[in-house]
Amino acid sequence: MIQQKIREKAKELLSKKTVDLIIGFSEWTLPLRTTPIFIRTPEGAESLTWNSFCENNLATYIHKFSRFKIGIVVKGCDARSITALALEKRFKPGQLFLIGVPCQRMVDRRKVKRAVKGEILQAREEGDLIHVKGDGFEVSLKREDFLYSSCEACTHRTPINTDVLLGDPVEESPLAESHAEAKAFEKMSPEERWRFFEKETSRCIRCYACREVCPMCYCTECFVDSSRPKWMEKSLDPSDLQFYHIVRAYHQTGRCTGCGACERACPMDIRLTYLTQKLNRDVRELYGFETGVDAEIPPPLSTFDPEDQQEFIK
Amino acid sequence: MDNNWEPKILAFLCNWCSYAGADLAGTSRIQYPPNIRVIRVPCSGRINPLFILKALQSGIDGVLVSGCHPGDCHYISGNYIGRRKSATLKRFLEYLGIEEGRVQFSWVSAAEGGKFSQVVDEVIQDIKKLGPLKRLVKEQF
Numbered sequence: 024m025i026q027q028k029i030r031e032k033a034k035e036l037l038s039k040k041t042v043d044l045i046i047g048f049s050e051w052t053l054p055l056r057t058t059p060i061f062i063r064t065p066e067g068a069e070s071l072t073w074n075s076f077c078e079n080n081l082a083t084y085i086h087k088f089s090r091f092k093i094g095i096v097v098k099g100c101d102a103r104s105i106t107a108l109a110l111e112k113r114f115k116p117g118q119l120f121l122i123g124v125p126c127q128r129m130v131d132r133r134k135v136k137r138a139v140k141g142e143i144l145q146a147r148e149e150g151d152l153i154h155v156k157g158d159g160f161e162v163s164l165k166r167e168d169f170l171y172s173s174c175e176a177c178t179h180r181t182p183i184n185t186d187v188l189l190g191d192p193v194e195e196s197p198l199a200e201s202h203a204e205a206k207a208f209e210k211m212s213p214e215e216r217w218r219f220f221e222k223e224t225s226r227c228i229r230c231y232a233c234r235e236v237c238p239m240c241y242c243t244e245c246f247v248d249s250s251r252p253k254w255m256e257k258s259l260d261p262s263d264l265q266f267y268h269i270v271r272a273y274h275q276t277g278r279c280t281g282c283g284a285c286e287r288a289c290p291m292d293i294r295l296t297y298l299t300q301k302l303n304r305d306v307r308e309l310y311g312f313e314t315g316v317d318a319e320i321p322p323p324l325s326t327f328d329p330e331d332q333q334e335f336i337k
Numbered sequence: 145m146d147n148n149w150e151p152k153i154l155a156f157l158c159n160w161c162s163y164a165g166a167d168l169a170g171t172s173r174i175q176y177p178p179n180i181r182v183i184r185v186p187c188s189g190r191i192n193p194l195f196i197l198k199a200l201q202s203g204i205d206g207v208l209v210s211g212c213h214p215g216d217c218h219y220i221s222g223n224y225i226g227r228r229k230s231a232t233l234k235r236f237l238e239y240l241g242i243e244e245g246r247v248q249f250s251w252v253s254a255a256e257g258g259k260f261s262q263v264v265d266e267v268i269q270d271i272k273k274l275g276p277l278k279r280l281v282k283e284q285f
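Each protein sequence line maps, in turn, to chains C and R.
Under our numbering, think of the first position of the first sequence as 24, with each following residue one higher.
Under our numbering, think of the first position of the second sequence as 145, with each following residue one higher.
#1: Rounded to the nearest angstrom, what separates R/Ala-255 and R/Val-267 at their Cα positions?
#2: Touch check for the segment 216-226 of chain R and the segment 270-286 of chain C: three-plus C-beta pairs under 8 Å?
#3: Just mark C/Asp-263 as buried or exposed, buried being the case when its beta carbon has 16 or more other beta carbons within 10 Å.
#4: Count the other CB atoms within 10 Å of the CB of C/Ala-199; is the residue buried (16 or more) or exposed (fewer)?
#5: Comparing C-alpha positions only, which one of C/Glu-35, C/Ile-93 and C/Lys-40 sits nearest to C/Ile-60?
#6: Name the one or two DSSP bridge partners that C/Trp-217 has.
#7: If you follow the alpha helix (DSSP H) that R/Cys-158 is in, where does it begin and where does it stop?
#8: Which residue or residues does DSSP assign as beta-bridge partners of R/Ser-188?
#9: How is the alpha helix (DSSP H) around C/Thr-58 delimited, first residue to last?
#10: Return yes when the Cβ of C/Glu-50 is within less than 8 Å of the Cβ of C/Thr-57, no when it is not.
#11: Find the residues of chain C that neighbour R/Gly-241, judging by a C-beta separation of less than 9 Å, and give them in chain order.
#12: Examine the ligand HEM and report whether any of its heavy atoms sits within less than 7 Å of the Cβ of C/Phe-335.
#13: By the DSSP assignment, the beta strand (DSSP E) with C/His-268 in it spans what residues?
#14: Output, in sequence order along the chain, the residues in the segment 292-303 of chain C whose CB is closer than 7 Å to any CB in chain R.
#15: Can you give me the C-alpha to C-alpha distance between C/Leu-309 and C/Ile-143, rounded to a whole angstrom?
#16: Using the Cβ count rule (16 or more neighbours within 10 Å means buried), how would you classify C/Val-193?
#17: Does the pairing of the segment 69-88 of chain C with the segment 117-129 of chain C give three or more beta-carbon distances under 8 Å?
#18: Rounded to the nearest angstrom, what separates C/Glu-69 and R/Gly-215 at their Cα positions?
#19: Using a Cβ cut-off of 9 Å, pull out every chain R residue sitting near C/Pro-323, in sequence order please.
#20: With a cut-off of 8 Å on the beta carbons, I'd call R/Trp-149 and R/Cys-212 a contact; round off their distance for me.
The structure is reproduced here in structure tokens:
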């Protein structure tokens, strides 16, 4: 069992004092969810868990522990985020110990909720099935039918550049099949795309959950919070909402791993990954860059090639 | 649309080439329409995409970004860095649904006064065809 292996590894690292802190997932009170957990004692490792609800990108939390040696449980996307953060020198070399877990892809709790009537009170995973229990109903659902769209699009499920890999590497989907969401949007007309973008962003309540949950959003002062210069008003004017979402997404150019954490965190169910996926698609097409795969290649917007394409420039 | 409508166009010109090119167009008495407002920046690599978005949000109908030709940058590589930002931003804005041609890019050297006026003409023609910007514009500040 992978869960057992994670616990053993965490215990070993903490008792040998290889790390001061383990970041992983733990069961919590809500069904279909786990919570990130921060463990400092070997005994605490028993509360670590691994299932299809470990949806957070744990790389987000490394910014908060710059003085600690951290052991961190990583899926494919978390590991790529960490590689991307290493390129931006967000932690000291040797500060992190990556406990890699090949990802079985995570289950979308919203899809599950939509599939049943009434409130879900208990959920349990068993092999390929999820048993969901609630007020007056009990059903078993096939895990494969309820995956996150970002997980279905994933092409890097086995974490890379890890210190230890628990479990066997999984077979990856081909790169050519990725970015399906962005490809579908590209086929729409500009008017349709704008209407869609307008409709989605109009629901935004500016809670900034998408920003907080993103491992790449670590600016000391975000452009929305800055008052000198004041880039934007703190209003719910449609234009401001659009502005925020354009810039939040664009700032991820060549940095987003497509983990989908932003979309999962959104309390208003705003579609967000179709934006960053387009950026990923563009940097791959224009500059042959894949985020978080290679710790040597600099991020595309911080470098250049004299031969870059420029037929759009007069 | 109002027949008397004239587009407002914001031009970010790099200090070393395009701004001097615009200056040359002026001293050479080359005529071009007065729809552009020029902002001088140190380098085309200095342009933060936020500048462009903020301009569009504030009621500018089109943006022109102009810098030194590749290889001529005063800071060696600023325009190359700017070129990557421009390419990705342009594609992203079009993907969102902002019309193609709202944000345009050019290389104009200090010796190309004629080219500068020609570029400005072209941009103004394009924006006139598109009409006033309706997307992303903030109605009330």
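Each residue gets a CB set at the ideal place from its N, CA and C atoms; glycine is no exception.
Please read all numbers here as calculations on a predicted model, not as lab measurements.
Considering the structure as presented:
#1: In the second sequence, counting from the first residue as 1, residue 255 of chain R sits at position 111. In the second sequence, counting from the first residue as 1, residue 267 of chain R sits at position 123. For R/Ala-255 and R/Val-267, the distance between alpha carbons rounds to 20 Å.
#2: Under the 8 Å Cβ criterion, the segment 216-226 of chain R does not count as touching the segment 270-286 of chain C, having fewer than three qualifying pairs.
#3: Along the first sequence, one-based indexing puts residue 263 of chain C at 240. C/Asp-263 counts as buried, since no fewer than 16 other beta carbons sit within 10 angstroms of its beta carbon.
#4: As a working mapping, residue 199 of chain C is identified with position 176 in the first sequence. Burial call: exposed.
#5: Sequence index remark: in the first sequence, residue 60 of chain C carries index 37 (1-based). Measuring from the Cα of C/Ile-60, the nearest candidate turns out to be C/Ile-93.
#6: For the purposes of this step, residue 217 of chain C is taken as residue 194 along the first sequence, with counting starting at 1. Per DSSP, none; premise fails for C/Trp-217.
#7: Indexing the second sequence from 1 puts residue 158 of chain R at position 14. Not the alpha helix (DSSP H): R/Cys-158 falls in the beta strand (DSSP E), residues 153-158.
#8: Here residue 188 of chain R refers to the residue found at position 44 of the second sequence. In DSSP, R/Ser-188 forms no bridge with anything.
#9: One-based indexing of the first sequence puts residue 58 of chain C at position 35. Looking at the DSSP string, C/Thr-58 is not in any alpha helix (DSSP H); the run it does join, the beta strand (DSSP E), is 57-62.
#10: On the first sequence, position 34 is the one that residue 57 of chain C refers to. On the first sequence, position 27 is the one that residue 50 of chain C refers to. With contacts defined as CB atoms closer than 8 Å, C/Thr-57 and C/Glu-50 qualify as a contacting pair.
#11: As a first step, residue 241 of chain R is located in the second sequence; it is residue number 97 there, counting from the start. The answer, in chain order, is Met-211, Ser-212, Pro-213, Glu-214, Glu-215, Arg-216, Trp-217, Arg-218, Phe-219, Phe-220 and Glu-221.
#12: Judged by which ligands are present, the structure shown has none, so any question about the ligand HEM falls away.
#13: The residue labelled residue 268 of chain C in the question sits at position 245 within the first sequence. In the DSSP assignment, C/His-268 falls outside any beta strand (DSSP E) and within the unbroken alpha helix (DSSP H) covering 261-273.
#14: Cβ contacts with chain R come from Lys-301 and Leu-302.
#15: The count along the first sequence starts at 1 and reaches residue 309 of chain C at position 286. The count along the first sequence starts at 1 and reaches residue 143 of chain C at position 120. For C/Leu-309 and C/Ile-143, the distance between alpha carbons rounds to 45 Å.
#16: Here the question's residue 193 of chain C lines up with position 170 in the first sequence. Exposed: under 16 other Cβ atoms inside 10 Å.
#17: Here the segment 69-88 of chain C makes contact with the segment 117-129 of chain C; the two share three or more CB pairs at distances below 8 Å.
#18: Against the first sequence, residue 69 of chain C aligns to sequence position 46. Against the second sequence, residue 215 of chain R aligns to sequence position 71. Those two C-alpha atoms are separated by around 60 Å.
#19: Position 300 of the first sequence holds residue 323 of chain C. Correct list: Arg-228 and Thr-232.
#20: Here residue 149 of chain R refers to the residue found at position 5 of the second sequence. Here residue 212 of chain R refers to the residue found at position 68 of the second sequence. With 8 Å as the limit, R/Trp-149 and R/Cys-212 do not qualify as a contact, their Cβ atoms being about 33 Å apart.
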